[in-house]
Every structure is written in C-alpha cells, then in structure tokens.
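The structure appears right after this line, and notes come after that.
Numbering (the UniProt record's numbering), first residue to last: 1 to 211.
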C-alpha cells in the first residue's frame with residue numbers, strides 16, 4: 001500500500017484529535033473560574049516526599065510521550081490508536097466533570113525562597129507554576145493519560161514480541177507519574193485516583209472494542 005493510500009485510510013481517525021479543542025477550553029475555563037477550591041487535597045505521605053525541581057524534565061516529557069505514542073499508533077496501528085483515544089479522552093472528560101462537582105486544589109507547592117536554589121530546572125518550574133494553578137488536581141489527568149498511553153502502546157503491534165519496548169513504555173510512564181509528586185504538582189492522592197480512572201475504565205473500553 002502506497003503512502004497516499006495509507007493516508008486516505010488513516011485520515012478519518014484524526015477526527016478524534018478535535019477533542020483537544022474541547023478539552024483545552026474546558027480545562028482552562030475551570031482553571032480561571034475555580035479560584036477558591038472547596039477541597040484541599042493532602043496526604044501525610046506528601047510531606048515526606050522531597051521537592052526536586054529536576055523532575056520537571058520527566059514531567060514535561062509527557063508532551064513528547066503524548067505526541068510520539070499518538071502519532072505512531074495512528075500511523076502504524078489504528079486499532080490501538082482508537083482504543084487510546086477512547087480510554088484517554090473518556091477518562092479526561094470524567095476528571096473534568098469531577099473538577100466541576102468537587103472543586104479541589106493543592107497547598108503543597110514550596111516558594112522559590114524556601115527552595116533556595118537557582119538553576120534551569122527551577123526556572124522552568126516557575127514557568128509551569130505560573131501557567132498551571134494549584135487547582136483541578138484530583139484525579140491527576142497527567143497520570144491518567146500517561147497510564148492510558150503506556151497501556152495502548154504495550155498492547156499495540158509496535159510492542160508485540162518486543163518486551164524491551166513494553167518495559168520502556170511503563171518505566172517512562174512511572175517516571176512521569178513520580179515527577180508529579182516530586183515537583184509538587186500533585187498529591188499522592190491525585191496520582192492514585194488518576195491511575196484508578198485509567199485502570200478501571202480501560203478494561204471496559206478494551207473489552208468492548210475486542211467484542
């Protein structure tokens with residue numbers, strides 16, 4: 001099959017990506033309107049996890065993982081791509097609805113003075129903090145979507161009989177999830193709830209798609 005035919009067959013699947021328009025408008029609208037969250041998320045374990053600004057790099061690698069996995073599955077395995085979109089987007093929608101019903105936030109971010117360090121990681125960290133308020137955190141969409149990407153890739157044709165790629169996908173996903181608590185972007189509760197959304201909902205979609 002030549003590239004033109006491949007493009008023709010895969011082009012309809014790109015309609016899934018229009019969800020990002022809905023998601024970004026919805027997410028930033030909530031980010032701007034929820035200034036005083038009703039529920040502050042916190043767990044004793046959060047106080048034991050040290051802040052480490054260098055985890056901002058695996059945290060931001062989420063964007064690389066998202067673009068890479070989505071593009072690869074769209075081009076090489078549209079069935080896995082469709083499953084990824086269904087699980088990830090439905091889970092994200094569920095999280096946004098919860099943010100509306102249960103406005104929540106964090107109060108664990110350290111101040112720059114308290115950290116007392118100046119480096120490129122801290123500079124990036126401050127940019128993230130300015131752009132992303134400590135609201136709408138539980139469940140963590142960062143972790144929910146990361147788990148969905150790891151699942152979709154590890155079940156795809158690309159990873160079939162390639163255990164090293166599966167391990168790489170899950171190690172990368174674990175590093176991203178860990179980065180959310182080390183950068184104080186999320187509480188450990190957010191991470192657990194985000195992963196729960198992914199792991200509880202994904203089997204339903206995968207089973208339905210298989211049938």
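All residues carry an ideal CB built from backbone N, CA and C; glycine is no exception.
Residue 38 places its beta carbon less than 9 angstroms from that of residue 104. 91 is the residue among 34, 72 and 91 whose C-alpha sits nearest the C-alpha of residue 203. Look at residue 49 here: in three-state DSSP terms it is coil, with no helix or strand label. Pairing residue 151 with residue 63, the inter-Cα distance amounts to about 17 angstroms. The Cβ atoms of residue 70 and residue 122 do not sit closer than 9 angstroms to each other. When Cβ pairs closer than 8 angstroms are counted between the two stretches, the region 48–55 is seen not to touch the region 70–80, the count staying below three.
The three-state secondary structure of residue 40, taken from DSSP, is strand. The beta carbon of residue 186 lies closer than 6 angstroms to those of 137, 140 and 180 in the same chain, with the five residues before and after it left out. Short of 6 angstroms from the beta carbon of residue 95, and not among the five residues preceding or following it, lie these beta carbons of its own chain, in chain order: 139 and 141. Per the coordinates, the alpha-carbon of residue 198 lies some 36 angstroms from the alpha-carbon of residue 118.
Rounded to whole angstroms, the separation of the alpha carbons of residue 116 and residue 68 is 35 angstroms.
Judged by beta-carbon spacing, residue 190 lies within the 9 angstroms limit of residue 41, meaning their Cβ atoms are closer than that value. Residue 22 counts as exposed, since fewer than 16 other beta carbons sit within 10 angstroms of its beta carbon.
In this structure, residue 66 lies near residue 145, with their beta-carbon atoms less than 9 angstroms apart.
Bounds of the alpha helix (DSSP H) holding residue 142 are 141–154. In the three-state reduction of the DSSP assignment, residue 105 falls in the strand class.
Around the beta carbon of residue 167, a 10 Å sphere encloses fewer than 16 other beta carbons of the protein chains shown; the residue is thus reported as exposed.
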